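*Asks:* Below you'll find the structure I mean.
4 protein chains.
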Amino acid sequence: MSNPLRAAIVGSTGYGGVELIRLLQHHPQVEITSVISSSSAGTPITEGFPHLHSIMTDNLDAVDIPLIQSKADVVFLATPSGVSVKLAPQFLDAGLKVIDLSGDYRLKSGEAYKTWYKHDPAEERYLQQAVYGLAEIYGTQVKGQPFISNPGCYPTATLLALWPAVERGWIDPASIIIDAKSGVSGAGRGQSLTVHYSEINENFRAYKVNKHQHIPEIEQVLSDAAGKPVNVTFTTHLVPMTRGIMTTIYGVQSEARTDQDWVRAYEEYYAGKKFVRIRPAGQWPATKEVTGSNYCDIGFAADARTGRITIISVIDNVVKGAAGQAIQNLNLMMGWDEALGLHMAPVYP
Amino acid sequence: MSNPLRAAIVGSTGYGGVELIRLLQHHPQVEITSVISSSSAGTPITEGFPHLHSIMTDNLDAVDIPLIQSKADVVFLATPSGVSVKLAPQFLDAGLKVIDLSGDYRLKSGEAYKTWYKHDPAEERYLQQAVYGLAEIYGTQVKGQPFISNPGCYPTATLLALWPAVERGWIDPASIIIDAKSGVSGAGRGQSLTVHYSEINENFRAYKVNKHQHIPEIEQVLSDAAGKPVNVTFTTHLVPMTRGIMTTIYGVQSEARTDQDWVRAYEEYYAGKKFVRIRPAGQWPATKEVTGSNYCDIGFAADARTGRITIISVIDNVVKGAAGQAIQNLNLMMGWDEALGLHMAPVYP
Amino acid sequence: MSNPLRAAIVGSTGYGGVELIRLLQHHPQVEITSVISSSSAGTPITEGFPHLHSIMTDNLDAVDIPLIQSKADVVFLATPSGVSVKLAPQFLDAGLKVIDLSGDYRLKSGEAYKTWYKHDPAEERYLQQAVYGLAEIYGTQVKGQPFISNPGCYPTATLLALWPAVERGWIDPASIIIDAKSGVSGAGRGQSLTVHYSEINENFRAYKVNKHQHIPEIEQVLSDAAGKPVNVTFTTHLVPMTRGIMTTIYGVQSEARTDQDWVRAYEEYYAGKKFVRIRPAGQWPATKEVTGSNYCDIGFAADARTGRITIISVIDNVVKGAAGQAIQNLNLMMGWDEALGLHMAPVYP
Amino acid sequence: MSNPLRAAIVGSTGYGGVELIRLLQHHPQVEITSVISSSSAGTPITEGFPHLHSIMTDNLDAVDIPLIQSKADVVFLATPSGVSVKLAPQFLDAGLKVIDLSGDYRLKSGEAYKTWYKHDPAEERYLQQAVYGLAEIYGTQVKGQPFISNPGCYPTATLLALWPAVERGWIDPASIIIDAKSGVSGAGRGQSLTVHYSEINENFRAYKVNKHQHIPEIEQVLSDAAGKPVNVTFTTHLVPMTRGIMTTIYGVQSEARTDQDWVRAYEEYYAGKKFVRIRPAGQWPATKEVTGSNYCDIGFAADARTGRITIISVIDNVVKGAAGQAIQNLNLMMGWDEALGLHMAPVYP
C-alpha cells in the first residue's frame, strides 16, 4: 500500500487491543506503527501474546505522546474506563485522530457518567466533540470527524436489534426488556475470581442486574430513536464461552405483526448495510454464527398469543462489539468503504 | 435396610434414568431391583455407562410388565413423551406405583397436550388420576397417591420462582416474561446435530421460541396460582454446559417493593421447605451452586426505575428438574421425610 | 451419630477444603466443628461459597491452635505448600491428629523438597513421622498413626497405575514415560492468567515440562516398588475442564503380554480395594466416569508391534486426588472401613 | 482478480469443506464456483450453515462430473475415506486437478490401507500418482502435479515436529512415543455418541489406542526420514474443545543436547517456511495460539535426567491439519507463493 495510514494502539495487552492487531493485519490501507502498553512498555508483545510470534514482534511502547505523535496518524484507545478520560484529549490536542473503545465518551451527560461509571467524567468540550460511532445508525455523522466514541458491546447488539422497531413505533418503548448474555472475554484480561476458569466453566450466572453501566448508553440512543425518554430493563449474564453476545429482547407490539413483517421491515431498514444480516422468518441466530466476524445477525419471533415481539441479535463482542466496529468507524471517518479489511467470514465451527 | 421399597427404572439408558440410579444409591429405604431399557435389554448397563462399573452391574431388563410386577413396588418412567402414555396405565393396572418423568400426564387438558406435544393424549381417567408433583407447591396432594406426574425441568425452575408472587398478587400475571437457559443434558442422550459438541461448544442459541411444550404446563400452574387464566412469554436457550437451568423472570410489580421485601416474603412462603433456598438481597444464584443437588435457589432484583421485578432461579435440571424431584415425590407419596436420600451438597467447583 | 469424631479443616476457602466439607456431610462418624481460613476469618463461609447456603453456615475461624484444640480431634490441612511445614507440627504437638493435603511431608528427603518446591523443608522428625497415605499401597501403615501425608493428585493417578507393573517387574522402570493431563481445579482458587477462563477455554497446553514438583514424589514411590532408583519422564498438561486427571503411561514390557494378562494381574492385585476399578480388555476409562467419586479407573493397551504397554488411569483430582483420599486415610487411621462416607457414584453426565 | 482459478469443493456440508469456503474467501487467485454435497444437493448451503448467510448463498450441486468439469479447474475432495477412492479418478480423468483431504491416497501400500482403513484401496496407478502434500517437507514435489493427497491432521502435527530430529539422527527412531490430543471437530459433523456434547464436555478420553489409522501414515514418512523402517507408539485423546491438536512426543536423544540446540537446529531446518514457528527455549505452544491459522508451532524440553527429548507441536486441525494445508498445496501446485490467501493471524482469545 502506498502511504498507508499509520495506526497506534494503546492497550495492546488487552483483548480489544490484540484483536485490533489481528484485524488490522488484513486492512489494505492501515499499518500498525506502535503498540502501546503502560504496564509492559519495553517488552516484546509476544511475551504476553505468543500467538503473535512472527506476525507482530514489536516491543511495546510507553504512553509517550510526542513519540506516538511522530509515529502515528490515528490512535485506538483500547483502554479501561477512567483512562481514556485523560488520554483522549492529549492525543486530540496533538493532532491525532482518536477512536476510543472505552465508555468514557459515550454518555453525553457527564452526570450520568458519574452515576453509572463512578469516575469523574471527561471535559464537556471533548464529550460534545466525540461522535458516537454506532456505525449502521450514526455512520454518516462519523465521516471526517477526528474523534469517535466506539459503542459498548451490549449496546451494539441491543441497539441494532431495537432501533428500527423503536424509530418506526412498532413496539412500545416503555415495554422493552433486554435479557443479554455475554462470553467471558467481555470482562477483559484482568484477573479476578469472576473470570476464574473453575468458577465459570459449567456455570451460568447473572451479574450487575439493573446496574450495568451500559444501561444509560442504551437508553440515550433509544430515547433518540423514540424522540422521548426511554427506560429499559436490562439484565446481563455470563455464558461459559469466550466470545459472543446474544440479546433476547422483549417488547409489546403496537399492532399484531407477523415474523415476515418484521423480517421485511428490517431488511429494508438495513439495506446496503453489509454487517447486519436479517435472518429469515422462523430462524434465530446463534453466537457462533458470527464468531471472529463483524456481523450482527438478527431474528424475530412475533407471538400472537401475548402480542409481544421477541428480537434476538448476536455479535462477536470482541469484533462488532469492539475492535471490528472501531475499524469500521475508521473506514467511515476516512471516507473509505466501511467494510475495508473486515471481510472475514465467521470461524465455524 | 429391612424391607426396602423395590424400585424399577424404565429408561435406564437415558440421563434421567441413570441419575435415578446415582441418587437412589444413597436412599436408605429404596433398593433398585430392575433397570429397564427397551432398546438394550439383555446387555449390562455398564456397557453404555461404564461409570457404573462395580456400582450397578445388572443386565437391563425388557419392558416386561409381569416380570417388573414380580420384582418391584414402584416404577419410575424416565421415558420420552409418547411412551409413558402407553406404559403408565399398564403398570398402574398391575398394581404398581408409578412416577412418570415425561410430559405425558402433566397437562390436564388432552387437547392442549395434542397441540403442544403432537402426540395423542393419555386416556382421560389416567390423566385425571395423575397428581402433578411440584413438590413444594402440591406436595400435600402427593401423599398416598399411586400415580405422580413429575414436573418438567423448566416449569420447576419457573414455577418455584413465580408461585408466591402470583399467588399473593405481587406481580401482574399478564406481564410475565420468562427468559430460560438450559444446559445440554436436558436434550437427552439421543443423537442429533443439536447436541453435537462442535455445534454447541463456544456457542449460545435460542430454540423453540414461543413454541416450547413446557409453556402450557407453566400456564396451567400459574393460572391455578392466579385464579384466572395466565399467558406467558417463554424463551428457551441452550447454554454450552451439561447441567443446570436458570430462569430470568420479569414482571411488573403491583406496588413498589424492595429486594428485602421480596426476600422476606419468599423465605416466609418456603419456610420448612429444605430444597428451596432464598438468596439474600443483592445476591443471585448461579447454576453451578446447585449442581448435583436437589436445590432450587432464588434471588431478586426489584427496579425502582421501571417498576419491574427480576426473579432469578436455578436448578440442576437432571436432579431437581427430573430424578431428584421424582425421588422427593416418592418420599412424599410414602409419607417419608421429603429429603430422604437427597442430602447431597452441590458439587463445587 | 454418638460421639462423632470432630474435624477441623484449615484452608476452607480453597477447593480442597470445600470438597472436604461436601464429602464429610455424608460421613456417618465425623462432624465438622471448625472451618478455618487465615485470610477470611470471621466471615461466613457462604460468602465465598454461596452453594453452601443452608448446608454449612459457620463463620470461618482463624488459625488459632488452642481454639481448634478445644473443638476438634483431627485437622485436615488443605493448605498450600510452605504453610503446612509450619502448621502441622503445632497441631501435632497440641495432640491433634493431622492429615496434610499439601506436598510438605511427602518427600522423605528434605533436600529433594528444597530442590523441587523451592521452600525450606519441614523438620526431619516430623518428616519421618508422616506416613505417606497412598491408601491402596501403604494403607496398612496408616492405621493408628496420628500424622498422614496425603499424596498428590498426579502421583495418585500415576502410582496406582504403575505400582503393580513395577513391583512385579512387568515393565522396565527405566522406560517409564508419564503423559499426564489435568483439569483446572488442580491449580486451586488463586487468581492468575494461567486460570483465566478466556485463556484456558478452547485451549490445551503443557506446563512445567520436566519440572513438576510431583516428579520426585512419583520417583520415590516407584523406587520403593522397584527396589532400586527409578527416574521417569513426566509431562503435565492443562485440559479445558474443571475436574479430572488422566495419566497415559508408556513402558517397555519385560515380555510380551496381552491386554487380558494385564487386566487379570491388576484385578488380582487390587482385589478387595473398592476404589480401584480395572476396566475390561479393550476399554479405557474417561475422566468423567469418575467425576465426583473416589474411584481410580485403570485400562490397558499392550502393543505387540512395539513391545510397549500403555496404561491409562483416571481420577477426580479433587476427590481421589485430594479430599476423598484424605477421608479414606482418616478411615484407615481410625480403623474404620476405608470406604466410610465415600460411597458416592460418579456424577454422570 | 483476472482469470481466477475456479475451485469446486466436494463435501461442502462437512467441517473440512466449510473451512475451505471460509479460507478461500481471502484467496486473491481463487474463486469458488461449485459447492457440492451428495446428501443435500439442490438446497442452499446456508440451510446447514447459516453463518454463511450473505457470504456464500449458492445451492449445493450434486456430484455430477460433467457439470463440475464445466465449472471448475480444481476440485477439493473434503470427503470421508472410502469416497475419494472412487471420486478422485473420475475427476482426474476429466482433466481436473484434485486435492484429496481424505486418507484414501496417503498410504503408498494398498495393503496397509486395507489393514488400517478396512476399505478396499484405490487403484495402484492413482495411488502412485498422488503426491503426499506435507508441504514443508515434500513441497517441492507438489509443484505442477495434478493430484495431491493432503496429509492427516495428526500426521501433520507429528511429522513437522519429528522430521528434522529423525532425519538428522538426533533421536533414536525406535524410541518414539507420540501422545496426541485433538479437539472434537476432527471427528467431523456426523452424529454419534462420541461427539455428543454431554459426553464430551468436562471429559477427557483416549480412543483407538494403538489402532488409529494415522499410525501407518506417520510411520511411512518417518521411515522415509530415517532411511529405514520405523514403528511408533501413538495414542490419541479427545479434548473437550472444538479446534486444535497437540502432540507431545518423546524420544531418546542420540547425545545430550540443550533446548537451545534443538531450537537452533529446527529454526535452521525450517528457515523460510512461514507456517512453522519454533518457540524459544523454555516455551511450549498451546493450541489456542494457532486457532484459525495455518501455523504449526513447535517447542522443546530436553531432559538431562533421563536423556530424553520432549517435543510439543500444535496446529489447528481444521486449518493446517486440513483445509489450510490443502490451499497451501494448491499454491505450491500452481507455483504461487505458498502463503497466498493464508495470512490469517490466530484468533485469540
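The listed protein sequences derive, respectively, from chains D, R, P and Y. Numbering-wise, this note's numbering comes out as the position in the first sequence, counting from 1, plus 97. Numbering-wise, this note's numbering comes out as the position in the second sequence, counting from 1, plus 97. Numbering-wise, this note's numbering comes out as the position in the third sequence, counting from 1, plus 97. Numbering-wise, this note's numbering comes out as the position in the fourth sequence, counting from 1, plus 97. All C-beta atoms in this analysis are idealised placements derived from N, C-alpha and C, irrespective of residue type, glycine included. Predicted model only: the values in this text are computed from it and were never measured.
Return no unless some Cβ of chain P is closer than 8 Å to the Cβ of residue 398/Y.
*Replies:* Taking Cβ atoms only, chain P reaches closer than 8 Å to residue 398/Y, which makes this a yes.
*Asks:* Residue 262/D: which of 365/D, 387/D, 106/D sits nearest, CA to CA?
*Replies:* Nearest of 365/D, 387/D, 106/D to residue 262/D, Cα basis: 365/D.
*Asks:* Given this structure, state the Cα-to-Cα distance separating residue 264/Y from residue 198/Y, to the nearest angstrom.
*Replies:* One C-alpha to the other measures close to 26 Å.
*Asks:* Return no unless some Cβ of chain Y is closer than 8 Å to the Cβ of residue 299/D.
*Replies:* Yes, its Cβ sits closer than 8 Å to a Cβ of chain Y.
*Asks:* At least one CB of chain R closer than 8 Å to the CB of residue 223/D: is that the case?
*Replies:* Not closer than 8 Å to any Cβ of chain R, the Cβ of residue 223/D fails to qualify, so no.
*Asks:* How many angstroms separate the CA atom of residue 57/P from the CA atom of residue 247/P?
*Replies:* Within the shown structure, residues of chain P are numbered from 98 to 446, placing residue 57/P beyond reach of any answer.
*Asks:* Can you list, in chain order, the residues of its chain with a C-beta nearer than 8 Å to that of residue 401/D? Leave out the 5 residues immediately preceding and following it.
*Replies:* Within the same chain, residue 401/D has close Cβ partners 353.
*Asks:* For a test of the three-state rule: what should DSSP assign to residue 251/P, helix, strand or coil?
*Replies:* Looking at residue 251/P - three-state DSSP - the assignment turns out to be helix.
*Asks:* Would residue 275/R pass as a contact of residue 329/R if the rule is Cβ separation under 8 Å?
*Replies:* Yes; because the gap between Cβ atoms is below 8 Å, this pair is in contact.
*Asks:* Name the chain R residues that come within less than 8 Å of residue 289/Y, Cβ to Cβ?
*Replies:* Neighbours of residue 289/Y on chain R, chain order: 288.
*Asks:* Are residue 112/R and residue 341/R close, meaning C-beta to C-beta below 8 Å?
*Replies:* Cβ atoms of residue 112/R and residue 341/R: not closer than 8 Å.
*Asks:* Please work out which residues of its chain come closer than 8 Å, Cβ to Cβ, to residue 337/D, disregarding the five sequence neighbours upstream and downstream, and give them in chain order.
*Replies:* Taken in chain order, the residues that qualify are 281, 297, 298, 299, 300, 301.
*Asks:* Name the residues in the stretch 334–363 of chain Y whose C-beta lies less than 8 Å from a C-beta of chain R; which are they?
*Replies:* Residues 337, 338, 339.
*Asks:* Using a C-beta to C-beta distance shorter than 7 Å, which residues of chain P count as neighbours of residue 402/Y?
*Replies:* What residue 402/Y touches in chain P: 328.
*Asks:* Let me make sure I understand the geometry here. Which of 427/Y, 442/Y, 434/Y has the alpha-carbon closest to that of residue 102/Y?
*Replies:* Per the Cα distances, 427/Y.
*Asks:* Along the stretch 235–262 of chain D, what residues have a CB closer than 7 Å to any CB found in chain R?
*Replies:* Here the close residues number zero.
*Asks:* Taking buried to mean at least 16 other C-beta atoms within 10 Å of its own C-beta, is residue 425/R buried or exposed?
*Replies:* So residue 425/R ends up on the buried side.
*Asks:* In its own chain, which residues sit with a C-beta less than 6 Å from the C-beta of residue 115/P, not counting the 5 before and 5 after it?
*Replies:* If we look at residue 115/P and ignore the five residues flanking it on each side, its Cβ neighbours are 146.
*Asks:* So residue 327/Y and residue 316/Y are supposed to be a Cβ contact under 8 Å. How far apart are they, rounded?
*Replies:* That belief holds up - the Cβ atoms of residue 327/Y and residue 316/Y are roughly 6 Å apart, short of 8 Å.
*Asks:* Residue 154/Y and residue 140/Y - do their beta-carbons sit closer together than 8 Å?
*Replies:* Not closer than 8 Å, so no.
*Asks:* Please find out if some non-hydrogen atom of the ligand SAH comes closer than 7 Å to the beta-carbon of residue 268/D.
*Replies:* The ligand content of the structure shown is nil, which means the ligand SAH is not present either.
*Asks:* Starting from the C-beta of residue 138/P, find all residues in its chain whose C-beta is less than 7 Å away, skip the five residues before and the five after it, and write them out in chain order.
*Replies:* 157, 158, 159.
*Asks:* State yes or no: is the beta carbon of residue 478/D nearer than 8 Å to at least one beta carbon in chain P?
*Replies:* Not covered by the structure: residue 478/D. The range shown for chain D is 98 to 446.
*Asks:* What is the DSSP secondary structure of residue 193/R, reduced to helix, strand or coil?
*Replies:* Looking at residue 193/R - three-state DSSP - the assignment turns out to be coil, as it is neither helix nor strand.
*Asks:* I'd like the list of long-range same chain contacts for residue 445/R, defined as Cβ closer than 8 Å, with 5 residues on each side in sequence excluded.
*Replies:* 385, 386, 388.
*Asks:* If the cut is a Cβ gap below 7 Å, which residues of chain P does residue 152/R touch?
*Replies:* 442, listed in chain order.
*Asks:* So which residues of chain Y does residue 389/D contact, with C-beta pairs closer than 7 Å?
*Replies:* Per Cβ cutoff of 7 Å: 389, 444.
*Asks:* What three-state label does DSSP hand residue 116/R in the structure shown?
*Replies:* The answer is helix: DSSP assigns residue 116/R an H, G or I state.
*Asks:* Pull up the CB-CB distance for residue 363/D and residue 346/D, whole angstroms please, since I reckon it's below 8 Å.
*Replies:* The pair is not a contact, with the Cβ atoms about 13 Å apart (cut-off 8 Å).
*Asks:* Would a check of beta-carbon distances place residue 173/P closer than 8 Å to chain R?
*Replies:* Judged by the 8 Å Cβ criterion, residue 173/P is not in contact with chain R.
*Asks:* Please look up how many angstroms separate the CB atoms of residue 359/P and residue 406/P, rounded, as I've assumed it's under 8 Å.
*Replies:* With a Cβ gap of about 7 Å, residue 359/P and residue 406/P count as contacting.
*Asks:* For residue 225/P, count neighbouring C-beta atoms within 10 Å of its own C-beta (all shown protein chains included) and say buried if the count is 16 or more, exposed if not.
*Replies:* The residue in question, residue 225/P, is exposed, as its Cβ has fewer than 16 Cβ neighbours within 10 Å.
*Asks:* Would you say residue 267/Y faces chain P, with C-beta separation under 8 Å as the test?
*Replies:* Cβ-Cβ to chain P under 8 Å: no for residue 267/Y.
*Asks:* Within 10 angstroms of the Cβ of residue 218/P, are there 16 or more other Cβ atoms? Answer buried if so, exposed if not.
*Replies:* Flag for residue 218/P reads buried.
*Asks:* Given that a residue counts as buried once 16 or more other Cβ atoms are within 10 Å of its Cβ, and exposed if not, what is residue 394/Y?
*Replies:* Residue 394/Y comes out buried.
*Asks:* Given a threshold of 16 other Cβ atoms within 10 Å of its Cβ, counted over all protein chains shown, does residue 421/D qualify as buried or as exposed?
*Replies:* Under this definition residue 421/D is a buried residue.
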